[in-house]
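Everything on this sheet refers to the single structure shown next.
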DNA sequence: CTCATATTTCGGTATTTAGCTAAATATCGA
DNA sequence: TCGATATTTAGCTAAATACCGAAATATGAG
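Protein chains in written order, with the working numbering: chain A, 1 to 99; chain B, 100 to 198.
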């Protein structure tokens, strides 16, 4: 739980997740959207990976990252629930992910 | 946004929010629930205050902290929305806070 | 005014984090 | 095998964070 929130606390990482919302992208492709060095971005990917928020798929020499929306969703849901904040919309999401 | 997630990234601070969910509590009362020093807790309160997640009400020599649920709610909602995670339950919450 | 109480601020240390460049690793094509 | 490409790892610095004990601040009681 802490790891997810820690990952979300950085704007760069949140933007990475946003980019991956559209489609999976390679590390280099993602890095192209930022001004930081690739090494720095790589560290951000690592944080996201360890939080379980992205999946890394190595294909040849490139690594494609994809968003693991369910992990993000579950974390937010679990946390919000303890505060009585119902996230009813998650149901609709579940349907969508089920197709 | 970053400040809210950063505040939520620490287990102690999340527990403080949980405690405040029941009722407002003074700084000392809150500190009694943790093994860290009061100085350390005070710093945590400061982070929560700066993130807007709690309100501090100074009454005489004691400071009573209370949860600002709407801020937490709005932050989670806004973020979740950008990921297509609808938080329909927030509507019901709004009604509740309206009484 | 003085004392006790509640809380924060100060000064310090240790750990973590974000960033960089340079070097290492791995894979592909010729 | 050699070279090019994609990505990570290593080594470093600067800034931020968490923690402590001690000192400062503010208030209310007497």
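Even glycine gets a Cβ: it sits at the ideal position worked out from N, Cα and C.
Of all the options 74(A), 17(A), 60(A), which has the alpha carbon lying nearest to the alpha carbon of residue 46(A)?
For the purposes of this step, residue 46(A) is taken as the residue at position 46 of the first chain. Answer by Cα proximity: 17(A).
Using 8 angstroms as the cut-off, can you tell me whether the region 66-78 of chain A makes contact with the region 173-186 of chain B, which would need three or more C-beta pairs spanning the two stretches below that distance?
Judged by pairs of C-beta atoms under 8 angstroms, the region 66-78 of chain A touches the region 173-186 of chain B, as three or more such pairs exist.
Touch check for the region 23-32 of chain A and the region 127-147 of chain B: three-plus C-beta pairs under 8 angstroms?
The region 23-32 of chain A vs the region 127-147 of chain B: no contact.
Check residue 5(A) in the structure and name its three-state DSSP category.
Indexing the first chain from 1 puts residue 5(A) at position 5. Here residue 5(A) sits in helix by DSSP.
Please state the DSSP three-state secondary structure of residue 57(A).
Counting from one through the first chain, the residue named residue 57(A) turns up at place 57. Look at residue 57(A) here: in three-state DSSP terms it is strand.
Would you call the CB atoms of residue 104(B) and residue 8(A) closer than 9 angstroms?
Numbered from 1 along the second chain, position 5 holds the residue referred to as residue 104(B). Numbered from 1 along the first chain, position 8 holds the residue referred to as residue 8(A). Yes, the Cβ-Cβ distance between residue 104(B) and residue 8(A) is below 9 angstroms.
What does residue 134(B) reach in chain A if we use C-beta pairs closer than 9 angstroms?
In the second chain, the residue the question calls residue 134(B) occupies position 35. Under the 9 angstroms cutoff, chain A gives no residues; its nearest Cβ is about 18 angstroms from residue 134(B).
Would you please verify whether the beta carbon of residue 178(B) is less than 9 angstroms from any beta carbon of chain A?
Taking the first residue of the second chain as position 1, residue 178(B) is located at position 79. It does: the Cβ of residue 178(B) has a partner Cβ on chain A nearer than 9 angstroms.
Leaving out five residues before and five after residue 118(B) in sequence, what residues of the same chain have Cβ atoms less than 7 angstroms from its Cβ?
By one-based count along the second chain, residue 118(B) stands at place 19. If we look at residue 118(B) and ignore the five residues flanking it on each side, its Cβ neighbours are 124, 129, 132.
With burial defined as no fewer than 16 other Cβ atoms inside 10 Å of the residue's Cβ, what is the status of residue 153(B): buried or exposed?
Along the second chain, read from residue 1 onward, the residue named residue 153(B) stands at position 54. When all chains shown are included, residue 153(B) counts as buried.
What are the boundary residues of the alpha helix (DSSP H) that residue 141(B) is part of?
The residue labelled residue 141(B) in the question sits at position 42 within the second chain. For residue 141(B), the enclosing alpha helix (DSSP H) covers residues 137-149.
Rounded to whole angstroms, what is the Cα-Cα separation between residue 22(A) and residue 56(A)?
Counting from 1 along the first chain, the entry for residue 22(A) is found at position 22. Counting from 1 along the first chain, the entry for residue 56(A) is found at position 56. Computed Cα separation, rounded: 16 angstroms.
Do residue 112(B) and residue 166(B) come within 9 angstroms of each other at the CB atom, strictly closer than that value?
Counted from its first residue, the second chain places residue 166(B) at position 67. Counted from its first residue, the second chain places residue 112(B) at position 13. No Cβ-Cβ contact shorter than 9 angstroms links residue 166(B) with residue 112(B).
How would you write the range of the beta strand (DSSP E) that residue 66(A) sits in, first residue to last?
As a working note, residue 66(A) is residue 66 in the first chain. Here the beta strand (DSSP E) through residue 66(A) covers 62-67.
Please confirm whether residue 110(B) and residue 37(A) have their CB atoms less than 9 angstroms apart.
Counting from one through the second chain, the residue named residue 110(B) turns up at place 11. Counting from one through the first chain, the residue named residue 37(A) turns up at place 37. Going by C-beta atoms, residue 110(B) is not nearer than 9 angstroms to residue 37(A).
Which residues in chain B have a C-beta closer than 7 angstroms to the C-beta of residue 9(A)? List them in chain order.
Within the first chain, residue 9(A) is the residue found at index 9, counting from 1. Chain B residues near residue 9(A): 101, 104, 105, 108.
What's the call for residue 39(A), buried or exposed, on a 16-neighbour Cβ count within 10 Å?
On the first chain, position 39 is the one that residue 39(A) refers to. It counts as exposed.
Closer than 8 angstroms, Cβ to Cβ, to anything on chain A: give me those residues from the region 107-126 of chain B, in chain order.
For the region 107-126 of chain B, the set of residues with a beta-carbon nearer than 8 angstroms to any beta-carbon of chain A comprises 107, 108, 109, 110, 113, 116, 117, 120, in chain order.
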